[in-house]
Structure formats: C-alpha cells, structure tokens
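Residue numbers (the working numbering): 35 to 458. Glycine is no exception: its CB is placed at the ideal position from the N, C-alpha and C atoms. Read through the structure below, which is laid out as structure tokens, and then see the notes.
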C-alpha cells in the first residue's frame, strides 16, 4: 500500500531525509517503471538528457518549452504527480519530454533522475522547503549530479538580496538569500573542481530571475491587483496597492523570455563565458505607476497604483491571512529555521524600494541581455501587449478578463501551500 507523509519541521530527525537501506534499488526501478512519455520513443541517435527539478512550476514550464524545441534534447522531469494537469501539459509538448515520478526529498529519486543525464536544471521551490531545507536539498542535488557524471548543471537562482545590500538585516529575504547563497557555493566548488579535474569537471551556470511580471496579472502573489470601484464615478479600476514607495522599482522578469535564456545557456555550455556564468535576466526596472499606465494603454480600462506602508500591506492586503505563517510550508512555525511570510517579504519589499533606476541594491546589465536575446521583452507595455495577444489566442478574453478571472500563475497557490513532498 502506498503511503505518504508531509515534512513539517526542519528540526526533524536526520534519518527522515536519509536513504533507507534496501529500498534504493526498489524505488529506482519503480520510478523508471512509472516514468511516462507523451509518445513511444523512436529509434534514433541518443540525444543529451537534461534532468529538471521544478519543471511543473511557473518557471519550469517555459524552460522546458524552450528545451523541447528543435529535437535537440531529451528532457526528464521529476514530478510528484505525473497525472497532474501541469505535468500532462509538459508531456504533450514533445515526445522528448519524459515524466519521472518522485521527489527531491529522496536521494534514490535524485539518483534515478541524474542517472545517465548530460545536463541538469535545478530549481527547488523555497516556498515549500523554507530557506534552510532548500539549501540542504539543493546542495545534495549538486553533489549527486557530480557523483552521477552530469556535464552541465544550471542552478535556478534569485538575487542574494542580503549580500547585495552589504549584509543589512533590513534586506534579509529567505527565499532569495537561500538561492543566492547556494549559487555562491556551487560556483566556488565548480571552479575548484575545474582546477582539480580539468575537462572532466562538471560545468556550472546560474539563471537568475527577478520577480515574474506575470504575477502582476495573477491572484495570490506579492504584487496581485484588485478590481475596485471608484467612489465618485462608480467605474471599476484595476488597482495595485503596494509598498513600493515613489522611488522604488522591481527588476521584473517575463516568464516567456525564460524559454530562450535557459535554452541559450544549454546551447552554449561549451563557451568559456558560460562556464561559471550567472545570467541575470529581466525586462527592466519597473515602477507600478508605469504598470498602471501600461495597463490602461493596452486595455483601455482604468488602472492605478496606490503606495501603501508595509503594515497596511500585511494587515489589509492579499498576504494578511498568511503573514505570520512560515514562508516554507514544510517548516514548522516553531522551528529555529522558520521565517514568517511577513519577515521574508518585508526584506523583499525593502530591497525593491532601494533598487529604483537600476542604481540600487539589485542591478541588471540590460545591454548584455539585448545582445544575448535581441527580441527580449523590454517594457511592461510590451509585456502586456504580448499577454493580451496570448489571452485572446487561448480564448481567455482580454487582460481585464484575465485579472477578473482570479487565476494564479504560481503552483504553490494551486497546491494551497500544501502538498506531497515525499512518497514511498
């Protein structure tokens, strides 16, 4: 009989995370048997296999969409539930996409995923694990990738806000700091391994994303809009009430652009500039008064930005019901490693308040991105126009309809901040 459990505390006994003797071989075989493909494999010259963790998330879907093009790679995606809508969407992209049932919390599942893989794209969800467990599991992913002979490893990264601020505690943000801290470790270990092993060493790179621009049209995100009614005219207005201040700006990323950036890294893995590269991507540093203006211009409907203080944001905004919960749902509220949603996103907002004009804490080299991907999305207005075309093409109506529909782009919200993270 199949059983499951939820990891609830970082302070759980180490044996919960260790491989259980006698089960590794059985689990590996079971995983391979339960792997699914969208079509039977054709007899052809083997293509490099890329193992992906985080493939069913908001970021993973466009990454896989890009890698699945042009019949170049075989993609192996670790997923807890191969029958889920997101997993089945991935499988339908190409016969080169294979679904491997399992979870990153079991090393036997990781070895089944890395076995025979040429490349890897690893993006563990820190909103599931919390800061400390993400560091542990991602570190083990890197080490097992080396153990299994992977040749090129890409770390799904976020800016290391705390370090970029000069280690100012006002900018501590667990979900960003964990990934940034891990990348520094991976980059240093990769460089040392290159010295020790030369051409046999695993090459490494990072794809660093800013907050997704897509979240500005989505429900249950840090930057979600609300439809309010103007007290004087009675007209409905899309409204962003956010603690950005007048001088802040967010280096937003277009999810669809990740399709190209991730593919570029893998296609250029042999270039010296890519080995050890941290590719920091984004649209532009964007203020929400410009988001509102762009929405009005593209849709013809009223929109506005209202600056609020942090206390109002957490007490009255969309995060009010979860503000005191741990950022990672796997972490007990009583854990010494717990950071609340309010603590985490206070540091997050302080960071973007201090990043206006691409001159503050978080910066981007947009000229480099222009060279790497000339057709990239370069403004919020361009982003909205692309999203409007996509919504019409997919039968979702207008951008107004998208906002009014209340759908979420983030998988964690579909899961209700809960989910199966390990199985046997």
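Delimiting residues of the alpha helix (DSSP H) encompassing residue i
i: residue 212; result: 208-231
i: residue 285; result: Where residue 285 is concerned, there is no enclosing alpha helix (DSSP H), although the beta strand (DSSP E) it sits in stretches over 284-286.
i: residue 376; result: 375-387
i: residue 201; result: Careful: residue 201 lies outside any alpha helix (DSSP H) and carries neither H nor E.
i: residue 398; result: Per DSSP, residue 398 belongs to no alpha helix (DSSP H) and is neither H nor E.
i: residue 301; result: 289-301
Between the CA atoms of residue j and residue i - distance to the nearest angstrom
i: residue 19; j: residue 83; result: Examination of residue 19 is not possible in this model, given that the chain is present from 35 through 458 alone.
i: residue 228; j: residue 236; result: 8 Å
i: residue 56; j: residue 142; result: Any reading at residue 56 must be qualified, since the residue scores a pLDDT of 37, below 50, and its modelled position is unreliable; no value is offered.
i: residue 21; j: residue 391; result: The question about residue 21 has no answer, for the chain in this structure spans 35 to 458.
i: residue 72; j: residue 107; result: Because residue 72 carries a pLDDT of 42, less than 50, the predicted location of this residue cannot be relied on, and the following value inherits that uncertainty. Between residue 72 and residue 107, the C-alpha separation is close to 15 Å.
i: residue 276; j: residue 184; result: 43 Å
i: residue 305; j: residue 224; result: 15 Å
i: residue 232; j: residue 308; result: 16 Å
i: residue 343; j: residue 397; result: 24 Å
i: residue 347; j: residue 257; result: 10 Å
i: residue 119; j: residue 110; result: 17 Å
i: residue 353; j: residue 173; result: 30 Å
i: residue 126; j: residue 429; result: 19 Å
i: residue 163; j: residue 364; result: 5 Å
i: residue 195; j: residue 382; result: 8 Å
i: residue 265; j: residue 330; result: 19 Å
i: residue 170; j: residue 177; result: 11 Å
i: residue 387; j: residue 379; result: 12 Å
i: residue 319; j: residue 413; result: 9 Å
i: residue 158; j: residue 290; result: 19 Å
i: residue 339; j: residue 423; result: 24 Å
i: residue 444; j: residue 255; result: 8 Å
i: residue 260; j: residue 410; result: 28 Å
i: residue 90; j: residue 226; result: 33 Å
i: residue 215; j: residue 97; result: 22 Å
i: residue 86; j: residue 300; result: 13 Å
i: residue 63; j: residue 436; result: Here the model assigns residue 63 a pLDDT of 34, short of 50, so the residue's position is not dependable, and the following value carries that caveat. Going by the C-alpha atoms only, they are around 43 Å apart.
i: residue 76; j: residue 129; result: Residue confidence is low: residue 76 scores 47 on pLDDT, short of 50, so the model does not pin down where it sits. No coordinate-derived value is stated.
i: residue 322; j: residue 282; result: 9 Å
Enclosing beta strand (DSSP E) for residue i [first to last residue]
i: residue 367; result: Counting along the chain, residue 367 falls outside any beta strand (DSSP E), and DSSP gives it neither H nor E.
i: residue 278; result: Looking at the DSSP string, residue 278 is not in any beta strand (DSSP E), and its letter there is neither H nor E.
i: residue 325; result: Per DSSP, residue 325 belongs to no beta strand (DSSP E); it is in the alpha helix (DSSP H), 322-333.
i: residue 353; result: Segment: none, residue 353 is in no beta strand (DSSP E) and carries neither H nor E.
Burial state of residue i (16 or more Cβ within 10 Å)
i: residue 434; result: buried
i: residue 74; result: Summary for residue 74: the model assigns pLDDT 46, below 50, so the residue's position carries little reliability; its value from the coordinates is reported in the next sentence. Exposed, since its Cβ has fewer than 16 Cβ neighbours within 10 Å.
i: residue 93; result: buried
i: residue 462; result: Residue numbering for the chain in the displayed model covers 35 to 458; residue 462 lies beyond these limits and cannot be assessed.
i: residue 439; result: exposed
i: residue 200; result: exposed
i: residue 405; result: exposed
i: residue 421; result: buried
i: residue 268; result: exposed
i: residue 431; result: exposed
i: residue 355; result: exposed
i: residue 117; result: exposed
i: residue 222; result: exposed
i: residue 370; result: exposed
i: residue 274; result: buried
i: residue 263; result: exposed
DSSP three-state assignment for residue i, whether helix, strand or coil
i: residue 236; result: coil
i: residue 191; result: strand
i: residue 314; result: strand
i: residue 153; result: strand
i: residue 341; result: strand
i: residue 360; result: strand
i: residue 257; result: coil
i: residue 270; result: strand
i: residue 415; result: helix
i: residue 441; result: coil
i: residue 107; result: coil
i: residue 114; result: coil
i: residue 90; result: coil
i: residue 410; result: coil
i: residue 346; result: helix
i: residue 262; result: strand
Chain B contact for residue i (CB, 8 Å cutoff)
i: residue 415; result: In the structure shown, chain B does not exist; there is a single protein chain.
Near the ligand COA: residue i beta-carbon under 7 Å from a heavy atom
i: residue 195; result: Absence of the ligand COA from the depicted structure is noted, as is the absence of any ligand whatsoever, leaving it without description.
Just to confirm the assignment: which complete alpha helix (DSSP H) runs, minimum length 4, are found wholly within the stretch 125-177? 141-148
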